[in-house]
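Here's the structure, in structure tokens; my notes come after.
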Amino acid sequence: MSGLWWLVVGMGAITFALRLLPILFSDRADLPPILRRGLRMVPAAVLSALIVPDLLLRDGQVVVSAANPRLLAGLLAALVAWRTKNIALTLIAGMVALWLAAAVLA
Amino acid sequence: MPDEGRSEFLAGVRAELPICLGVLPFGLIFGVVAIGAGLPPGLGLAMSSIVFAGSAQFMAVQLLHGGASALIILAATFVINLRHLLYSFSVAPYVQPLPGRWKWLLAYLLTDEAYAVVITRFQSPPVPGRPPSADHRFFLGAGLTLWATWQLSTAAGVFLGAQIPASWSLDFALSLTFIALVVPGLRDGPTIAAALVGGLVAVLGAAAPYHLGLILAALCGVAAGLAVERRGRAPAEPAA
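Set out below in structure tokens:
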């Protein structure tokens with residue numbers, strides 16, 4: 000096997016270990032209560048940290064204006080998500096808004 | 000009962016399907032990007048089945064293309080996937096009674112997208128007249144559905160190559176998926192604070208190397224949420 004294949008196996012082992020070890024051993028090494036309460040907020044914090052830069056940053060610069068199609072489309076999608084809680088509708092609204100905004104701004 | 004097991008499994012499949020709509024273009028793009036960066040097709044497919052973690056896979060392709068060393072790529076994989084440690088702690092109480100082979104299988108399937116669906120279901124209050132819903136077959140249905148989508152869309156991307164024009168901006172579907180997952184849950188102060196601070200710190204830390212900004216943002220977001228919770232003097236919740 001070449002080095003690239005070993006790299007993929009190594010990445011897989013690291014990822015799998017992170018997903019498996021707490022499931023296997025959390026009864027022996029429990030998290031402190033404060034971390035346990037913090038876990039509830041992890042999805043909101045992490046996912047927001049993935050979303051917001053994608054909406055706000057263009058080539059490393061913050062762009063808050065009507066000339067940023069991803070910001071417009073993302074805000075619309077957030078509104079749709081808030082009102083409908085429907086993932087498919089959110090995706091469709093966001094993609095169509097992005098294409099329209101990009102077409103108008105082009 | 001086998002019937003109940005099958006219906007739990009199918010409920011997991013159904014809950015995961017809308018998310019797969021958002022994952023499909025992402026997998027397709029990963030396949031295309033991997034080929035574009037010069038990876039052998041088999042290696043792109045192997046990455047999706049062995050690593051099975053989208054953002055780490057994209058990062059690895061990017062770093063490989065830029066000539067980074069294996070050690071840096073492994074370290075970045077660890078940092079980017081640290082969040083799975085938290086997911087694993089979070090689902091651990093629900094899978095604790097299961098035999099070992101189930102734990103290994105479900106751990107392999109514990110992606111962002113499966114976790115979001117599974118934890119939402121496991122933490123939702125019980126519906127009168129329905130059995131408790133923390134069922135591992137629901138987890139299996141959701142996890143396998145996402146797994147199949149990821150493998151098939153990666154394969155499609157690898158074999159289609161660069162047929163998809165970049166002007167379609169299909170990568171945006173990923174952010175839209177995350178929006179659809181996060182926004183409906185923003186109904187209480189601590190969670191809103193976690194999301195706001197997480198997003199803000201991620202923007203400020205976007206230039207930090209190896210996605211460290213992402214990890215920092217997650218920690219700050221959680222800390223902000225805990226601080227708001229403490230100020231609100233929320234009654235202590237019993238341990239799950």
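The listed protein sequences derive, respectively, from chains A and B.
Per numbering that gives the first Met the number 0, the first sequence starts with residue 0, numbered consecutively.
Per numbering that gives the first Met the number 0, the second sequence starts with residue 0, numbered consecutively.
Glycine residues also receive a C-beta, built at the ideal position from the N, C-alpha and C atoms.
Practice problem: Check the Cβ-Cβ distances between A/N67 and every residue of chain B, and say whether any is below 9 Å. | Solution: As a working note, residue 67 of chain A is residue 68 in the first sequence. No, A/N67 does not count as interfacial toward chain B.
Self-check item: Between the CA atoms of B/S89 and B/Q243 - distance to the nearest angstrom
Solution: Within the shown structure, residues of chain B are numbered from 0 to 239, placing residue 243 of chain B beyond reach of any answer.
Exercise. Please report the residue range of the alpha helix (DSSP H) in which B/T110 lies.
Key: For this step, residue 110 of chain B is matched to residue 111 along the second sequence. Note, B/T110: premise wrong, no alpha helix (DSSP H); not H, not E.
Quiz prompt | Three-state secondary structure assigned by DSSP to A/R27 | solution = For the purposes of this step, residue 27 of chain A is identified with residue 28 of the first sequence, where counting begins at 1. If DSSP states are grouped into helix, strand and coil, A/R27 belongs with coil.
Practice problem: For the alpha helix (DSSP H) holding A/M40, just list the boundary residues, first then last. | Solution: Taking the first residue of the first sequence as 1, we reach residue 40 of chain A at position 41. Looking at the DSSP string, A/M40 is not in any alpha helix (DSSP H), and its letter there is neither H nor E.
Quiz item: How would you call B/E52, buried or exposed, if buried means at least 16 neighbouring beta carbons within 10 angstroms?
Solution: The residue you call residue 52 of chain B lines up with position 53 of the second sequence. The question names Glu, but residue 52 of chain B in the sequence shown is Ala. Answer is buried; the Cβ neighbour count reaches 16.
Quiz item: Between the C-alpha atoms of A/L6 and B/W103, what's the straight-line distance to the nearest angstrom?
Solution: Position 7 of the first sequence, counted from the start, is the residue given in the question as residue 6 of chain A. Position 104 of the second sequence, counted from the start, is the residue given in the question as residue 103 of chain B. Linking A/L6 to B/W103 through their CA atoms gives a straight-line distance of about 22 Å.
Quiz item: So, helix, strand or coil for B/L185, using DSSP?
Solution: As a first step, residue 185 of chain B must be located in the second sequence, where it is residue number 186. It is coil, neither helix nor strand.
Quiz item: So does the segment 192-209 of chain B actually touch the segment 41-51 of chain B, counting three or more Cβ pairs closer than 8 Å?
Solution: no
Quiz item: Under 8 Å Cβ-Cβ, which residues of chain B neighbour A/R57?
Solution: As a working note, residue 57 of chain A is residue 58 in the first sequence. What A/R57 touches in chain B: nothing, since even the nearest Cβ is about 11 Å away.
Practice problem: Label B/F171 either buried or exposed according to how many other C-beta atoms from any shown protein chain fall within 10 Å of its C-beta, with 16 as the threshold for buried. | Solution: One-based indexing of the second sequence puts residue 171 of chain B at position 172. Burial call: buried.
Quiz prompt | For B/L70, the first and last residue of its enclosing alpha helix (DSSP H) | solution = Within the second sequence, numbered from 1, the residue matching residue 70 of chain B stands at position 71. Run containing B/L70: A69 to I79, per the alpha helix (DSSP H) assignment.
Practice problem: Show which residues of chain A have a CB atom less than 8 Å away from the CB atom of B/E228. | Solution: Looking up residue 228 of chain B in the second sequence gives position 229. Those are R36, listed as they occur along chain A.
Self-check item: Three-state secondary structure (DSSP) of B/V50
Solution: Indexing the second sequence from 1 puts residue 50 of chain B at position 51. Coil at B/V50, not helix or strand.
Self-check item: Distance, A/A100 Cα to A/L71 Cα
Solution: The sequence position of residue 71 of chain A within the first sequence is 72, counting from 1. The sequence position of residue 100 of chain A within the first sequence is 101, counting from 1. Looking at the two C-alpha atoms, the distance is approximately 8 Å.
Self-check item: B/A239, buried or exposed, once every other Cβ within 10 Å from all chains shown has been counted against 16
Solution: Here residue 239 of chain B is taken as the residue at index 240 of the second sequence, counted from 1. Confidence is the limiting factor: at B/A239 the pLDDT is only 43, short of 50, which leaves the residue's position unreliable and the question unanswerable from this model.
Practice problem: Please report the residue range of the alpha helix (DSSP H) in which B/A222 lies. | Solution: The sequence position of residue 222 of chain B within the second sequence is 223, counting from 1. Here the alpha helix (DSSP H) through B/A222 covers L211 to R230.
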